[in-house]
Amino acid sequence: MDNYAEKRVKIFNFEKQKRRERPIRRRAPENLLRRAGGLKKCTDLRYEQFSPLYQLWLSYFKKVLNNIGLRMDERLLRVDYHGALMRVGDAPNKTQIGLHGIVLHESKSTFQMITKRNRLIVIAKENAIFQFVVDGKLFTLFGNAMRQRTHLRGRKAKVPTTIPFLLD
């Protein structure tokens with residue numbers, strides 16, 4: 349019996365134990381220009397080089413508009429905007445309002461555009477409004493709705509459903 353009691357004894361240490369300090373991890377830079385990617389390194393980009401891309405995008409967009417399978421707002425969300433001539437209608441940074449250019453790169457949170465003055469600009473999508481004109485129609489895009497990758501936009505998330513299995 350004494351042997352059994354010795355095995356059941358537990359010892360608790362109520363003194364405060366020191367936590368092991370974890371090394372501080374470096375976070376990714378928050379600056380959009382640093383995260384922009386490799387286009388900032390290219391210094392010889394010219395607006396004239398991308399005007400054929402804009403013409404190609406126009407023909408692509410007109411085909412998308414004629415597609416009657418989806419609603420108009422879903423079509424606008426799913427469109428690829430590389431090559432579009434866009435204008436910034438509203439932005440949190442007031443100096444960016446009115447800037448326009450051809451979209452060279454679209455990421456999850458930014459548009460990178462080249463202006464007529466051959467300047468590469470990075471515009472954040474968050475709380476921004478973008479506009480473009482095709483065939484005399486003005487289209488307005490809200491940046492918050494576009495803050496996903498192109499293939500994920502406009503797609504409804506599938507909710508997993510369970511089918512009850514009933515036994516009589």
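Everything in the sequence shown is counted per the numbering used here, starting at 349 for the first residue and increasing by one.
Backbone N, C-alpha and C define an ideal beta-carbon position, used for all residues, glycine too.
For clarity, every value in this text was computed on a predicted model and none was experimentally measured.
Check, Outcome
"If you reduce the DSSP assignment to three classes, tell me which class G491 lands in.", "helix"
"Return the chain-ordered list of same chain residues with a C-beta closer than 7 angstroms to the C-beta of L401, the five sequence neighbours on each side being excluded.", "G431, I450"
"Between the C-alpha atoms of I445 and N415, what's the straight-line distance to the nearest angstrom?", "32 angstroms"
"Return yes when the C-beta of T488 is under 7 angstroms from any heavy atom of the ligand PLP, and no when it is not.", "What this structure holds is no ligand at all, so the ligand PLP is not there to describe."
"Given a threshold of 16 other Cβ atoms within 10 Å of its Cβ, counted over all protein chains shown, does V481 qualify as buried or as exposed?", "exposed"
"Could you give the residue range of the alpha helix (DSSP H) that holds R426?", "420-426"
"Using only the alpha-carbon positions, how far apart do M420 and F490 sit?", "14 angstroms"
"Can the beta-carbon of A472 be found less than 8 angstroms from the beta-carbon of T458?", "yes"
"Measuring alpha carbon to alpha carbon, tell me which residue in D428, F398, E422, L447 is nearest K477.", "What sits at residue 477 in the sequence shown is Ile, not Lys. I477 has its Cα closest to that of L447, out of D428, F398, E422, L447."
"Quick one: using the 10 Å Cβ neighbour count with 16 as the cut-off for buried, is Q397 buried or exposed?", "exposed"
"How many Å lie between W405 and V436 at the Cα?", "18 angstroms"
"Should L393 be labelled buried (16 or more other beta-carbon atoms within 10 Å of its own) or exposed?", "exposed"
"What are the residues that DSSP puts in a beta bridge with K485?", "V482"
"Label I469 either buried or exposed according to how many other C-beta atoms from any shown protein chain fall within 10 Å of its C-beta, with 16 as the threshold for buried.", "buried"
"Which residues bound the alpha helix (DSSP H) around F398?", "Premise fails: F398 is in no alpha helix (DSSP H) and is neither H nor E."
"Which stretch, first to last residue, makes up the beta strand (DSSP E) that contains H448?", "448-454"
"Under the assumption that T463 contacts Y408 (Cβ atoms under 8 angstroms), give the Cβ distance between them as a whole number of angstroms.", "T463 to Y408, Cβ: 22 angstroms. No contact."
"Could you give the distance in angstroms between the alpha-carbon of N466 and the alpha-carbon of K442?", "21 angstroms"
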